[in-house]
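K.L.:
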Amino acid sequence: MKVLAVLAGRRGGNGEILAKEALMRAEELGAEVKILNLHDYDIRPCTGCESCTVKFTQKHEAPECVNKDKDDMDAIMKEWLEADGVIVAVPAYSFMPAGIWRVFSDRFLAYEPNFHKQVGNQAYFRHRVGAIIGNGGSTRSWMSLTLECININMLSQDIKVVDQMMANRAPRPGQILLDDEALLRARQLGENVVKGIKDYEGTGFLGDPGLGWCPECHSNVLSLGQPLWNGGGFPIECPICHCGGDLEKGADGRWTFVLQANGRERSMLNGMGAKDHFFEIKETMQKFFMNMETINGRRKKYVDYKPERVKAKV
Ligand SMILES: Cc1cc2nc3c(=O)[nH]c(=O)nc-3n(C[C@H](O)[C@H](O)[C@H](O)COP(=O)(O)O)c2cc1C
Numbered sequence: 429m430k431v432l433a434v435l436a437g438r439r440g441g442n443g444e445i446l447a448k449e450a451l452m453r454a455e456e457l458g459a460e461v462k463i464l465n466l467h468d469y470d471i472r473p474c475t476g477c478e479s480c481t482v483k484f485t486q487k488h489e490a491p492e493c494v495n496k497d498k499d500d501m502d503a504i505m506k507e508w509l510e511a512d513g514v515i516v517a518v519p520a521y522s523f524m525p526a527g528i529w530r531v532f533s534d535r536f537l538a539y540e541p542n543f544h545k546q547v548g549n550q551a552y553f554r555h556r557v558g559a560i561i562g563n564g565g566s567t568r569s570w571m572s573l574t575l576e577c578i579n580i581n582m583l584s585q586d587i588k589v590v591d592q593m594m595a596n597r598a599p600r601p602g603q604i605l606l607d608d609e610a611l612l613r614a615r616q617l618g619e620n621v622v623k624g625i626k627d628y629e630g631t632g633f634l635g636d637p638g639l640g641w642c643p644e645c646h647s648n649v650l651s652l653g654q655p656l657w658n659g660g661g662f663p664i665e666c667p668i669c670h671c672g673g674d675l676e677k678g679a680d681g682r683w684t685f686v687l688q689a690n691g692r693e694r695s696m697l698n699g700m701g702a703k704d705h706f707f708e709i710k711e712t713m714q715k716f717f718m719n720m721e722t723i724n725g726r727r728k729k730y731v732d733y734k735p736e737r738v739k740a741k742v
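Residue numbers (the working numbering): 429 to 742.
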């Protein structure tokens with residue numbers, strides 16, 4: 429039973445303290461634990477080459493990232509994929525997860541479990557659970573997209589998120605040590621990850637059920653529904669796990685997000701959403717390859733237009 433903690437905050441910072449508290453509990457319960465801080469590694473931004481999605485969807489083969497041997501991402505992903513449970517601790521920067529987390533998670537595309545499963549890569553047919561710690565200097569309204577953005581990444585990694593917690597109002601490194609409740613909560617989060625590993629099928633969401641609007645992924649944001657690429661859609665959708673439904677007002681006057689009978693058809697929680705997206709990419713990319721002559725002809729106008737470039741320092 430392997431549990432890996434991935435940190436995206438300061439070395440010795442609040443996220444590290446909370447993640448260590450969670451790991452200590454997981455270790456007490458028998459887990460073999462490891463920790464890494466993304467700041468200690470060379471992780472290049474995704475180049476945007478899309479060679480991974482082209483290989484997945486047009487050749488039906490498992491790709492390798494073009495940066496595989498150029499930085500530390502592949503070594504980190506080896507640990508990430510081997511872990512039975514992952515705990516991520518990411519600070520809020522400008523309402524969202526800190527940028528280094530985004531750089532890391534953009535690189536997930538070549539390691540997308542549901543896409544690898546689609547092309548039959550056996551290494552990805554396994555259960556993993558996870559938990560999210562979002563920490564910040566303020567209250568949730570100043571961390572409004574933090575847990576949500578991380579949750580998207582965990583779902584696209586086919587990780588069952590059994591717990592999410594937020595630690596608020598601790599801006600300076602170590603300040604979270606004044607918050608006994610947050611430390612206790614982190615211990616519980618470590619325990620919940622172990623529960624999820626021991627009983628994957630039987631374990632649901634063990635965090636605060638009132639954490640957010642979505643009854644499925646517990647996120648606290650909703651979107652007006654849009655028509656979907658292959659038809660259908662929902663009046664309201666969860667932009668995190670892609671389940672669909674509508675708002676309903678209860679007898680107590682409170683609004684809730686209620687799933688439609690078919691509201692899980694594109695869900696990121698059951699693999700169907702990712703599978704649907706695989707075929708969407710396949711189709712839209714085919715349109716590119718079939719129309720390359722037209723695109724290249726039209727591209728000339730933009731290649732030839734050369735406004736003055738802003739000079740870089742180096
Ligand atoms: C560039 C920057 C932006 C930040 N933006 C937010 C924010 O939007 N909301 C918030 O609650 N805290 C914000 N903070 C505070 C950090 O989330 C806080 O210091 C946190 O404890 C850092 O976690 P760490 O100790 O694990 O590195 C910001 C800090 C920095 C450096």
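All residues carry an ideal CB built from backbone N, CA and C; glycine is no exception.
Since the structure is predicted, the reported quantities are computational estimates derived from the model, not experimental observations.
Give the secondary structure of Pro541 by DSSP, where H, G and I count as helix, E and B as strand, and everything else as coil.
P.N.:
Here residue 541 is taken as the residue at index 113 of the sequence shown, counted from 1. DSSP places Pro541 in helix when its eight states are reduced to three.
K.L.:
Taking all protein chains shown into account, decide if Phe662 is buried (16 or more other Cβ within 10 angstroms of its Cβ) or exposed.
P.N.:
Indexing the sequence shown from 1 puts residue 662 at position 234. Under the 10 Å beta carbon count, Phe662 is surrounded by 16 or more other beta carbons and is classified as buried.
K.L.:
Beta-carbon within less than 6 Å of Glu708's beta-carbon, same chain only, minus the 5 sequence neighbours each way: which residues are those?
P.N.:
Walking along the sequence shown from the start, residue 708 turns up at place 280. Listed in chain order, the non-local C-beta contacts of Glu708 below 6 Å within the same chain comprise Trp657, local neighbours out to five positions each way being set aside.
K.L.:
Report the residue ranges of all beta strand (DSSP E) runs contained in full by the stretch 471-500; include only those spanning at least 3 residues, in chain order.
P.N.:
none
K.L.:
Between which two residues does the beta strand (DSSP E) carrying Ile668 extend?
P.N.:
Locating residue 668 in the sequence shown gives position 240, counting from the first residue. No beta strand (DSSP E) contains Ile668, which DSSP labels as neither H nor E.
K.L.:
When you measure from the CB of Ser566 to every non-hydrogen atom of ligand 1, does any distance come out below 7 Å?
P.N.:
Translated into the one-based positions of the sequence shown, residue 566 becomes position 138. Checking the Cβ of Ser566 against ligand 1 gives yes.
K.L.:
When you compare only the Cα positions, how much space is there between Asn563 and Asn581?
P.N.:
Numbered from its first residue, the sequence shown carries residue 563 at position 135. Numbered from its first residue, the sequence shown carries residue 581 at position 153. Between the C-alpha atoms of Asn563 and Asn581 there is a straight-line separation of about 17 Å.
K.L.:
Buried or exposed: Met501, going by 16 or more other Cβ atoms within 10 Å of its Cβ?
P.N.:
Here the question's residue 501 lines up with position 73 in the sequence shown. It counts as buried.
K.L.:
Among the candidates Lys588, Thr475 and Tyr733, whose CA atom is the shortest distance from the CA of Gly513?
P.N.:
Position 85 of the sequence shown, counting from 1, holds the residue named residue 513. It is Lys588 whose Cα lies nearest to the Cα of Gly513.
K.L.:
Can you check DSSP and say which residues form a bridge with Asn563?
P.N.:
Start at 1 with the first residue of the sequence shown, and residue 563 comes out as number 135. Looking at the DSSP output, Asn563 sits in a beta bridge with Pro519 and Ala595.
K.L.:
Should Asn442 be listed as close to ligand 1, given that the test is whether its C-beta is under 7 Å from any heavy atom?
P.N.:
The residue labelled residue 442 in the question sits at position 14 within the sequence shown. The answer is yes for Asn442.
K.L.:
So which of Ile664, Asn648 and Ser647 has the shortest CA-CA distance to Pro655?
P.N.:
In the sequence shown, counting from the first residue as 1, residue 655 sits at position 227. That would be Ile664, whose Cα lies nearest to the Cα of Pro655.
K.L.:
So what does DSSP say about Trp570, is it helix, strand or coil?
P.N.:
Here residue 570 corresponds to residue number 142 of the sequence shown, with the count starting at 1. Note: Trp570 maps to helix in three-state DSSP.
K.L.:
Can the beta-carbon of Pro643 be found closer than 8 Å to that of Gly440?
P.N.:
Residue numbering aside, residue 643 sits at position 215 when the sequence shown is read from its first letter. Residue numbering aside, residue 440 sits at position 12 when the sequence shown is read from its first letter. No. Outside cutoff.
K.L.:
Using 8 Å for Cβ pairs, my map puts Asn442 next to Ile604. What's the rounded Cβ distance?
P.N.:
If you number the sequence shown from 1, residue 442 lands on position 14. If you number the sequence shown from 1, residue 604 lands on position 176. Yes, they are in contact, since the Cβ atoms of Asn442 and Ile604 sit about 4 Å apart, within 8 Å.
K.L.:
Answer yes or no: the CB of Trp657 versus the heavy atoms of ligand 1, is any distance below 7 Å?
P.N.:
Taking the first residue of the sequence shown as position 1, residue 657 is located at position 229. No, ligand 1 has no heavy atom inside 7 Å of this Cβ.
K.L.:
Can you list, in chain order, the residues of its chain with a C-beta nearer than 8 Å to that of Ala598? Leave out the 5 residues immediately preceding and following it.
P.N.:
Taking the first residue of the sequence shown as position 1, residue 598 is located at position 170. Taken in chain order, the residues that qualify are Asn442, Asn563, Gly564, Gly565, Ile604, Leu606, Asp607 and Ala610.
K.L.:
Less than 8 Å between the beta carbons of Arg472 and Asp499, yes or no?
P.N.:
Residue mapping note: residue 472 aligns to position 44 of the sequence shown, counting from 1. Residue mapping note: residue 499 aligns to position 71 of the sequence shown, counting from 1. Contact flag set, yes.
K.L.:
Could you give the residue range of the beta strand (DSSP E) that holds Trp683?
P.N.:
On the sequence shown, position 255 is the one that residue 683 refers to. Trp683 to Leu687 is the extent of the beta strand (DSSP E) around Trp683.
K.L.:
Between Ala598 and ligand 1, is there a pair consisting of the residue's CB and a ligand heavy atom that are separated by less than 7 Å?
P.N.:
Residue mapping note: residue 598 aligns to position 170 of the sequence shown, counting from 1. Answer for Ala598: yes, Cβ within range of ligand 1.
K.L.:
Within the present structure, is the beta-carbon of Pro525 separated from the nearest heavy atom of ligand 2 by less than 7 Å?
P.N.:
No copy of ligand 2 occurs in the structure displayed; its ligands are ligand 1 alone.
K.L.:
With a 10 Å radius around its C-beta and 16 neighbouring C-beta atoms as the bar for buried, classify Thr475 as buried or exposed.
P.N.:
Residue 475 sits at position 47 when you count from the first residue of the sequence shown. By the 10 Å Cβ count, Thr475 comes out exposed.
K.L.:
Identify which residue in Gly527, Leu575 and Lys506 has its Cα closest to the Cα of Pro541.
P.N.:
One-based indexing of the sequence shown puts residue 541 at position 113. Nearest C-alpha to Pro541: Lys506.
K.L.:
What is the rounded straight-line gap between the Cα of Ile809 and the Cα of Arg438?
P.N.:
The question about residue 809 has no answer, for the chain in this structure spans 429 to 742.
K.L.:
Since Glu619 and Leu435 are thought to touch, with beta carbons under 8 Å apart, how far apart are those beta carbons, to the nearest angstrom?
P.N.:
Stepping through the sequence shown from its first residue, residue 619 is reached at position 191. Stepping through the sequence shown from its first residue, residue 435 is reached at position 7. No, Glu619 and Leu435 are not in contact; Cβ-Cβ is about 19 Å, not under 8 Å.
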